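Per this note's numbering, residue 3 is the first one in the sequence shown, and the count goes up by one each step.
Beta carbons are placed, not taken as given, at the ideal position from N, Cα and C, and that holds for glycine.
Model, not experiment: these values are computed from the prediction.
Read through the structure below, which is laid out as C-alpha cells, and then see the notes.
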Amino acid sequence: MIIGVPKEIKNHEYRVGMVPASVRELVNHGHQVIVETNAGMGIGFTNDDYVQAGAEILETAADVFAKAEMIIKVKEPQAVERAMLREDQILFTYLHLAPDLPQTEDLVKSKAICIAYETVTDSRGGLPLLAPMSEVAGRMSIQAGAQALEKANHGRGMLLGGVPGVEPAKVVVIGGGMVGRSAAQMAVGLGAEVVVLDRNIDVLRALDAQFGNKVKAIYSTADALEKHVLEADLVIGGVLIPGAAAPKLVTAEHIKAMKPGAAIVDVAIDQGGCIATSKATTHADPTFIVDEVVHYCVANMPGAVPRTSTFALNNATLPFIINLANKGYKKALLDDAHFLKGLNVIKGQVTYKEVAEAFNMEYVDPRTAVENA
Numbered sequence: 003m004i005i006g007v008p009k010e011i012k013n014h015e016y017r018v019g020m021v022p023a024s025v026r027e028l029v030n031h032g033h034q035v036i037v038e039t040n041a042g043m044g045i046g047f048t049n050d051d052y053v054q055a056g057a058e059i060l061e062t063a064a065d066v067f068a069k070a071e072m073i074i075k076v077k078e079p080q081a082v083e084r085a086m087l088r089e090d091q092i093l094f095t096y097l098h099l100a101p102d103l104p105q106t107e108d109l110v111k112s113k114a115i116c117i118a119y120e121t122v123t124d125s126r127g128g129l130p131l132l133a134p135m136s137e138v139a140g141r142m143s144i145q146a147g148a149q150a151l152e153k154a155n156h157g158r159g160m161l162l163g164g165v166p167g168v169e170p171a172k173v174v175v176i177g178g179g180m181v182g183r184s185a186a187q188m189a190v191g192l193g194a195e196v197v198v199l200d201r202n203i204d205v206l207r208a209l210d211a212q213f214g215n216k217v218k219a220i221y222s223t224a225d226a227l228e229k230h231v232l233e234a235d236l237v238i239g240g241v242l243i244p245g246a247a248a249p250k251l252v253t254a255e256h257i258k259a260m261k262p263g264a265a266i267v268d269v270a271i272d273q274g275g276c277i278a279t280s281k282a283t284t285h286a287d288p289t290f291i292v293d294e295v296v297h298y299c300v301a302n303m304p305g306a307v308p309r310t311s312t313f314a315l316n317n318a319t320l321p322f323i324i325n326l327a328n329k330g331y332k333k334a335l336l337d338d339a340h341f342l343k344g345l346n347v348i349k350g351q352v353t354y355k356e357v358a359e360a361f362n363m364e365y366v367d368p369r370t371a372v373e374n375a
C-alpha cells in the first residue's frame, strides 16, 4: 500500500502522523511511504531522516494526497485537505466529528474511508488511540491552569501548591478518566488541594486506591458539582462520551458565581467542551475571559509538546496502521470489532451513531457498510 504523511497545517500544530521509526516499520512490511517535505521539522526530524527510514519526500500536500492510498495525520483534516480526499482513499486520524458539521459534510461528500483514532476501542472498554493524548492533555491542563491563575494573565494570583503558612489552590477535576487521572496526578504533585468528580463508583475507587487521601474522590451530582465548582480556584473539564458531543456540565450561571480570577481548562473542547461558556481557542491566543473567569480552551493542547505527543501517539497507532496496510481496510476492520468502532464515515455513509444523531443524518451499521463497500 502507498501510505502518505502530509504536514499538519492546523494553527500551531507541530506533530506529525508518523515518525521515521514508524516509516521504517511499514517499509519493512513491504509498503511505500511518501512524506510531504519538512513534515517532521516541528519535532526535529529532517527530510533526510525520513529518506534514511525508506520514505520518499514529495514537495506538496497535494502531491501526497494525489498519490497515497492511505493518509495518516494527527489532527482533523482542514477544509483545504478535505477537498483533496477522494473516493476509496483511507483517512486515519483524529476526527472529532460530533461538534463539526462542515467537516462531517465534507467527509461524506468525499466518499473516503474515514477512521477516527478517538473512537477505536479495546477489550477493556478503553480508547487506546485517544489515551496517550489524554494523558498529555491531562498533565498539560495543570500547567496551563497554573499559568492562567497568574495575575498577569488576569487570574487570582495564586500559586497552585501555596507555600508554608499559605493555603494551596483548590483544583476541581470533572471526570475521572484518563484526562482527569493525569490532571490529578500533576495537581497532587504540585501540592494543590484536589477534588475529582465522577459518576462511576469503580472510577472513584480506583482514584482512592491510587491517591489515597491526597485526592477527594466525590460522586458527581448536580449539588456536588455546583458546590465544588463554586469553591474552586481552577476547574479542569475532562468529560468524554466517546464520539459524541460533550455534555455541558458547568453552566453559565456557575461561571457567574465562581470566584473572580478563577480559571477553567476545558480539555473536552475537541468534542465541543463541557463548560457552557467555552469556545475553541488556539496556542496563539489560548485564553479569554467570561464573567472574570479565565478560560483556556485550546483544541489541540498536546500540539504544544509535539515531540512527546508524536512519539506517544505513534506507539499507539503504529500496530493499527500496519494492520490496515497489510490486510486492507475491509479485512482489518471486519476482523476486529474494536477497530471497526473507529469507522465514522465510509463511501458517503455515516457509521458512528452519535455523529449521525448530532446532525440528523442517516446512520448505517459499520459492519454492513464495510461488507457492502
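When DSSP reads this structure, His297 sits in a beta bridge with Ile266, Phe290. In this structure, the CA atom of Ile220 is about 26 Å from the CA atom of Gly245. Taking C-alpha positions only, Val352 is separated from Gly42 by approximately 32 Å.
Counting only residues of its own chain and dropping the five nearest sequence neighbours on each side, Lys69 has a CB closer than 8 Å to the CB of Ile4, Gly6, Ile36, Leu60.
For Ala219, DSSP records a beta bridge to Val198. For Val168, the beta-bridge partners assigned by DSSP are Val165. Looking from the CA of Leu326, the closest CA among Phe313, Phe341, Leu315 belongs to Phe341.
The distance from the Cβ of Gln273 to that of Pro101 is about 6 Å, consistent with a contact at the 8 Å cut-off.
One alpha carbon belongs to Gly44, the other to Asp225, and they sit about 45 Å apart. Counting only residues of its own chain and dropping the five nearest sequence neighbours on each side, Asn328 has a CB closer than 7 Å to the CB of His31. Rounded to the nearest whole angstrom, the CA to CA distance from Val82 to Asn40 is 19 Å.
In the three-state scheme derived from DSSP, where H, G and I count as helix and E and B as strand, Thr284 is classed as strand. The Cβ neighbour count for Pro262, taken over all protein chains shown within 10 Å, is under 16; the residue is labelled exposed.
Here DSSP, grouped into helix, strand and coil, assigns Glu356 to helix.
Contact check for Ala264 against Leu236 passes: the beta carbons are separated by less than 9 Å. For Asn346, there is no enclosing alpha helix (DSSP H); the residue is found in the beta strand (DSSP E) stretching over 345–348.
When the Cα atoms are used, Pro288 and Gly157 turn out to be separated by approximately 14 Å. Closest in C-alpha terms to Val292, from the list Leu206, Ile266, Leu315, comes Ile266.
Per DSSP, Val181 is one residue of the alpha helix (DSSP H) stretching across 180–191. The continuous alpha helix (DSSP H) containing Glu233 extends over residues 224–233. Secondary structure of Thr121 (DSSP, three-state): helix.
CA-to-CA, the gap between Glu71 and Arg88 works out to about 9 Å. Nearest Cα to Phe94 within the set Asn362, Gly19, Glu294, Ile238: Gly19. Across the set Val53, Glu120, Glu38, the C-alpha of Glu38 shows the shortest separation from the C-alpha of Thr62. DSSP places Leu60 in no alpha helix (DSSP H) but in the uninterrupted beta strand (DSSP E) bounded by 58–60. Judged by DSSP secondary structure, Met142 falls within the alpha helix (DSSP H) whose first and last residues are 133–150. If you draw a 10 Å sphere on the C-beta of Arg141, you find 16 or more other C-beta atoms in it, and that means buried.
Every unbroken stretch of the beta strand (DSSP E) spanning 3 or more residues and falling wholly within the segment 54–111 is given here in chain order: 58–60, 72–74, 92–95. Residue Leu99 holds the alpha-carbon nearest to the alpha-carbon of Ala360 among Met160, Leu99, Glu27, Asn49.
Residue environment analysis places Pro321 among the exposed positions, since fewer than 16 neighbouring C-beta atoms fall within 10 angstroms of its C-beta. Nearest Cα to Thr106 within the set Gly193, Leu161, Val347: Val347. In this structure, the alpha-carbon of Arg126 lies about 29 Å from that of Glu364.
Under the three-state reduction of DSSP, Glu27 is assigned to helix. Listed in chain order, the non-local C-beta contacts of Gly178 below 6 Å within the same chain comprise Val198, Asp200, Val205, Leu209, local neighbours out to five positions each way being set aside.
Taking C-beta atoms as the reference points, Val300 and Ile277 fail to come closer than 9 Å. With respect to the 9 Å criterion, Ala247 and Val181 are not classified as neighbours on the basis of their beta carbons.
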